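Engineer:
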Amino acid sequence: MIVLQVNQLYKSFGTDEILSGIKLEVQHRDRVALVGRNGAGKSTLLKIIAGQMSYDSGEIIIPKDIQLGYLEQHAGLNSNLTIWDEMMTIFTGLKSQEQKLRELETKMADPTVYENQELYQKIMGEYDQLQHDFKDAGGYQYEADTRSVLHGMQFYPDDYNKPISSLSGGQRTRLALAKLLLSKPDLLILDEPTNHLDIDTLTWLENYLKGYDGAILIVSHDRYFLDQLVTIVYEVSRNHVFRYVGNYSGYLDEKAKNFERNMKMYEREQSEKAKLEAFIQKNIARASTTKMAQSRRKFLERTEWMDAPDGDERSANFGFTIEKQSGNDVLSIDNLSIGYKGTTVSNNISMRIYREDRIALVGPNGVGKSTLLKTIVKDLPIMQGDIRYGTNVQISYYDQEQAKLTGNKSVLQELWDEWPLMNEKDIRTILGRFLFSGDDVTKPVHSLSGGEKARLALAKLMMQKGNLLVLDEPTNHLDLDSKEVLENALIDYPGTLLFVSHDRYFINRIATKVIELSPTGAFEYLGDYDYYLEKKQELEELAQMKAKAVQKFESESVKNTTSQIDKEAKKRERQIRRQVEQIEKDMAVLDEQIKKIEEDLCQPDIFQDHEKVLELQSNLDELKSEYEQFELQWFELNEELESIS
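Numbering (full-length UniProt numbering), first residue to last: 1 to 645.
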């Protein structure tokens, strides 16, 4: 079933055409990715589909019974409610149904309603239908689903009563995503949902979306995430979209094959065209061959020759060098405590960093990864412990927040002020390598997009020529092509790397060590991200095996000392079994008596005798109460029996 169809869509901003003749289709349970350069029009297309932006021409077809949910980039939840109350606003319909069920139950318990069989049967029918609808709509599990999704987004029971207004921007973004997931739209549209999620949350989101019952249309620059999730890729390039079947890696392979095939066809046609043009030029003036030349010229003019295939668009082109080499020992950290504003976030951090190490620092959000980097580069003071810097260590720091890129300077002046001895031509050449050309270099820094600021920060980093690069989320705001350029530059970098990243593909390509940070210290794994996962799982399994072995040893060590207790337990077990047996007999007798009265109440002659009905109903209530008491004793005795066993 098709849930979305886009046909011949056009969109321009003034004289700039952004989207031209866009065709796109999403079917039920499709997992579709939109990929392309920053500024290609991906977010614009999502906003148009979501009805948040107009378009010039074309059509968007969404069946009227299809519910669409859209989460735009950097969207945060604004509300005066608590976290739990805000989530419950999604289920107002279910809560109304639940209230109606309670009201019907109250009516059915009313003796006066019971006397009117026609009314009673009507209420029973309404109750059965409503209960069925309530169950099908998830009425018995929506609170459990809410707790599960909140837990996946790192909100725990202690957080449920917190007002949303007190949360950070990142927490509000995660909460907006949680609310959208709980609403379960038929078509889920997500624009960069993985930004600022830590690896654990990313993994949870991946698994959740794999099992999602609707269709998904997603923009993301996380290749690992796309490879795990999507089965169809639409590339937005040069105002058009091109469809590929497969995940992101499959799309790259297919795109390369298509380009190679089209280039061979183009070259073959160009060769044929050149031969025709040469023949015409050589023979058009000769009387004996002019007719042949004219015929070929007509053929040349009538033929629709293939345009040159679009190659890769212009890419950034840079690399990192060092001014001088550091000593072998780059950083020594011992028993370090880190934090800010007097609050400690992590203690007992110890690590050694050596020349040409490539270290990825991982851990959940809030554990202090960025705080550790800021402490190392001396933007934050040491709370306790020691950091020793090796010989000739020169640190270059990339701040994910780009806090220092906020002024009114132009892009050109931002670099020129720090390297005033360089001439303007050389500064412009460097900026050109980071895709700043023409009027781009005169833009004020504060007006730049996230991707442009990231490229400017990388340009400054390259010019510093430090031998220790400390990078905090360097791939944030970069499109997939720019990420690849950065990866290649870092792979060729001759210095030492310490970086924080949630991009698992990036970590796999760059890291030779992974250090996991926790509130109580740091643990080192020798290898890339996949090795870190494998080793961590292995260590967890070993810990479980050790715990079971200890438990087994303890149980065996106390076994010999509990023989007397076992005798007493067996004696008590026999007593309980006799009691349970007697209670079951008494319950069986009561059950027969209850059934007899219920059968009598259905007899027409008794049903019409109001006093008799009241008498039997009173007896029935007493028997049921007695039965419940026996039942309670039965459960308690069986629980005790289980604990003894």
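For every residue, glycine included, the Cβ atom is placed at its ideal position computed from N, Cα and C. Source: prediction; values computed, not measured.
Starting from Ala360, trace the beta strand (DSSP E) both ways and give me its first and last residue.
Structural biologist: As a working mapping, residue 360 is identified with position 360 in the sequence shown. Here the beta strand (DSSP E) through Ala360 covers Arg358 to Val362.
Engineer: Quick one: any contact between the segment 354-362 and the segment 297-304, if contact means 3 or more CB pairs under 8 Å?
Structural biologist: no
Engineer: Throw me the rounded Cβ distance for the Gln131 and Leu101 pair, which I believe falls under 8 Å.
Structural biologist: The count along the sequence shown starts at 1 and reaches residue 131 at position 131. The count along the sequence shown starts at 1 and reaches residue 101 at position 101. Gln131 to Leu101, Cβ: 6 Å. Contact.
Engineer: Where Lys257 and Ala308 are concerned, what is the direct C-alpha to C-alpha distance, given to the nearest angstrom?
Structural biologist: Position 257 of the sequence shown, counting from 1, holds the residue named residue 257. Position 308 of the sequence shown, counting from 1, holds the residue named residue 308. Roughly 15 Å between the two C-alpha positions.
Engineer: If you draw a straight line from the alpha carbon of Gln400 to that of Leu471, how long is it in whole angstroms?
Structural biologist: Your numbering for residue 400 matches position 400 in the sequence shown. Your numbering for residue 471 matches position 471 in the sequence shown. Rounded to the nearest angstrom, the two C-alpha atoms are 8 Å apart.
Engineer: Could you check where the alpha helix (DSSP H) with Met153 kicks off and where it finishes?
Structural biologist: On the sequence shown, residue 153 is found 153 positions in, with the first residue counted as 1. No alpha helix (DSSP H) holds Met153; DSSP gives it neither H nor E.
Engineer: Quick check: Val393 and Leu461, are their CB atoms within less than 9 Å of each other?
Structural biologist: Here residue 393 refers to the residue found at position 393 of the sequence shown. Here residue 461 refers to the residue found at position 461 of the sequence shown. Against a cut-off of 9 Å, the Cβ pair of Leu461 and Val393 comes out as no contact.
Engineer: Is it right to say Gly51 is buried, meaning 16 or more other beta carbons lie within 10 angstroms of its own, or is it exposed?
Structural biologist: Position 51 of the sequence shown, counted from the start, is the residue given in the question as residue 51. Within a 10 Å sphere around the beta-carbon of Gly51 sit fewer than 16 other beta-carbons, which makes this residue exposed.
Engineer: Would a C-beta distance cut-off of 9 Å place Ile205 and Leu177 closer than the cut-off?
Structural biologist: Translated into positions along the sequence shown, residue 205 becomes position 205. Translated into positions along the sequence shown, residue 177 becomes position 177. The amino acid at residue 205 is misidentified as Ile; the sequence shows Leu. Yes, they are a contact pair.
Engineer: Return the first residue and the last residue of the alpha helix (DSSP H) that Ala454 is part of.
Structural biologist: Here residue 454 corresponds to residue number 454 of the sequence shown, with the count starting at 1. Per DSSP, Ala454 belongs to the alpha helix (DSSP H) from Gly450 to Gln464.
Engineer: Kindly indicate which residue of Ile338, Asp609, Lys409 and Asn247 has the alpha-carbon position closest to the one of Thr371.
Structural biologist: Locating residue 371 in the sequence shown gives position 371, counting from the first residue. Taking only the C-alpha atoms, the option nearest Thr371 is Ile338.
Engineer: Between which two residues does the beta strand (DSSP E) harbouring Gln27 extend?
Structural biologist: Locating residue 27 in the sequence shown gives position 27, where the first residue counts as 1. Start and end: Asp16 to Gln27.
Engineer: Kindly indicate which three-state DSSP category Lys369 falls into: helix, strand or coil?
Structural biologist: Start at 1 with the first residue of the sequence shown, and residue 369 comes out as number 369. If DSSP states are grouped into helix, strand and coil, Lys369 belongs with the helices.
Engineer: Taking the beta strand (DSSP E) that Phe523 belongs to, which residues open and close that run?
Structural biologist: Mapped onto the sequence shown, residue 523 falls at position 523. Residues Gly521 to Leu526.
Engineer: Which same chain residues, not among the five before or five after Ser20, have their C-beta less than 7 Å away from its C-beta?
Structural biologist: Counted from its first residue, the sequence shown places residue 20 at position 20. Cβ neighbours of Ser20 beyond the five flanking positions: Tyr10, Asn239 and His240.
Engineer: In the DSSP output, which residue or residues are listed as bridge partners for Val500?
Structural biologist: Residue 500 sits at position 500 when you count from the first residue of the sequence shown. Val500 pairs with Leu361 and Asp472.
Engineer: Where Pro364 and Ile382 are concerned, what is the direct C-alpha to C-alpha distance, given to the nearest angstrom?
Structural biologist: Walking along the sequence shown from the start, residue 364 turns up at place 364. Walking along the sequence shown from the start, residue 382 turns up at place 382. Cα to Cα, the separation comes out at about 21 Å.
Engineer: Thinking C-beta only, is Leu217 closer than 9 Å to Asn247?
Structural biologist: On the sequence shown, position 247 is the one that residue 247 refers to. On the sequence shown, position 217 is the one that residue 217 refers to. For Asn247 and Leu217, no; Cβs fall outside 9 Å.
Engineer: Mind checking which residues open and close the alpha helix (DSSP H) that includes Gly170?
Structural biologist: Here residue 170 refers to the residue found at position 170 of the sequence shown. Gly169 to Ser183 is the span of the alpha helix (DSSP H), which, as asked, contains Gly170.
Engineer: Could you check which residue in Gln617, Leu616, Tyr627 and Gln141 has the C-alpha nearest to that of Ala588?
Structural biologist: Position 588 of the sequence shown holds residue 588. The candidate whose alpha carbon is nearest that of Ala588 is Tyr627.
Engineer: With H, G and I counted as helix, E and B as strand and the rest as coil, what does DSSP make of Arg238?
Structural biologist: Translated into the one-based positions of the sequence shown, residue 238 becomes position 238. Three-state DSSP puts Arg238 in coil, outside helix and strand.
Engineer: Nearest-angstrom Cα distance between Arg428 and Thr442?
Structural biologist: On the sequence shown, residue 428 is found 428 positions in, with the first residue counted as 1. On the sequence shown, residue 442 is found 442 positions in, with the first residue counted as 1. Arg428 and Thr442 have their C-alpha atoms spaced approximately 11 Å apart.
Engineer: Below 9 Å between beta carbons: does that hold for Leu202 and Asp222?
Structural biologist: Counting from one through the sequence shown, the residue named residue 202 turns up at place 202. Counting from one through the sequence shown, the residue named residue 222 turns up at place 222. Yes, the pair counts as a contact, with Cβ atoms nearer than the cut-off.
Engineer: Here's the rule: buried if 16 or more other CB atoms are within 10 angstroms of the residue's CB, otherwise exposed. What is Gly319?
Structural biologist: Counting from one through the sequence shown, the residue named residue 319 turns up at place 319. It counts as exposed.
Engineer: From the DSSP output, read off the bridge partner residues of Arg31.
Structural biologist: For the purposes of this step, residue 31 is taken as the residue at position 31 of the sequence shown. BP columns for Arg31 point to Ile216.
Engineer: DSSP on residue 648, reduced to helix/strand/coil?
Structural biologist: Residue 648 lies beyond the stretch modelled for the chain, which goes from 1 to 645, so this question has no answer here.
Engineer: Do Lys546 and Glu516 have their C-beta atoms closer together than 9 Å?
Structural biologist: Position 546 of the sequence shown, counted from the start, is the residue given in the question as residue 546. Position 516 of the sequence shown, counted from the start, is the residue given in the question as residue 516. Judged by beta-carbon spacing, Glu516 lies beyond the 9 Å limit of Lys546, meaning their Cβ atoms are not closer than that value.
Engineer: Three or more C-beta pairs under 8 Å: does that hold for the segment 84-93 against the segment 116-130?
Structural biologist: Flag = no, the segment 84-93 and the segment 116-130 do not touch.
Engineer: Between the beta-carbon of Leu336 and the beta-carbon of Gln384, is there less than 9 Å?
Structural biologist: Translated into the one-based positions of the sequence shown, residue 336 becomes position 336. Translated into the one-based positions of the sequence shown, residue 384 becomes position 384. Contact flag set, yes.
Engineer: Kindly indicate the opening and closing residues of the alpha helix (DSSP H) around Tyr140.
Structural biologist: As a working mapping, residue 140 is identified with position 140 in the sequence shown. Here Tyr140 belongs to no alpha helix (DSSP H), and DSSP marks it neither H nor E.
Engineer: Tell me, please, whether the segment 570-585 touches the segment 601-616 by the rule of three or more beta-carbon pairs shorter than 8 Å.
Structural biologist: no
Engineer: In the DSSP output, which residue or residues are listed as bridge partners for Ser57?
Structural biologist: Sequence index remark: in the sequence shown, residue 57 carries index 57 (1-based). Paired residues: Tyr10.
Engineer: With Arg352 as the anchor, note down where its alpha helix (DSSP H) starts and where it stops.
Structural biologist: Locating residue 352 in the sequence shown gives position 352, counting from the first residue. Where Arg352 is concerned, there is no enclosing alpha helix (DSSP H), although the beta strand (DSSP E) it sits in stretches over Thr343 to Tyr354.
Engineer: In three-state terms, what does DSSP make of Pro163?
Structural biologist: For this step, residue 163 is matched to residue 163 along the sequence shown. Collapsing the DSSP output to three states places Pro163 in a strand.
Engineer: Tell me the residue span of the alpha helix (DSSP H) that contains Leu632.
Structural biologist: As a working note, residue 632 is residue 632 in the sequence shown. DSSP places Leu632 in the uninterrupted alpha helix (DSSP H) bounded by His610 to Ile644.
Engineer: By Cβ distance below 6 Å, which residues in the same chain neighbour Leu405 in space, the five residues on each side in sequence not counted?
Structural biologist: By 1-based counting over the sequence shown, the position of residue 405 is 405. These residues qualify, in order along the chain: Val445 and Lys453.
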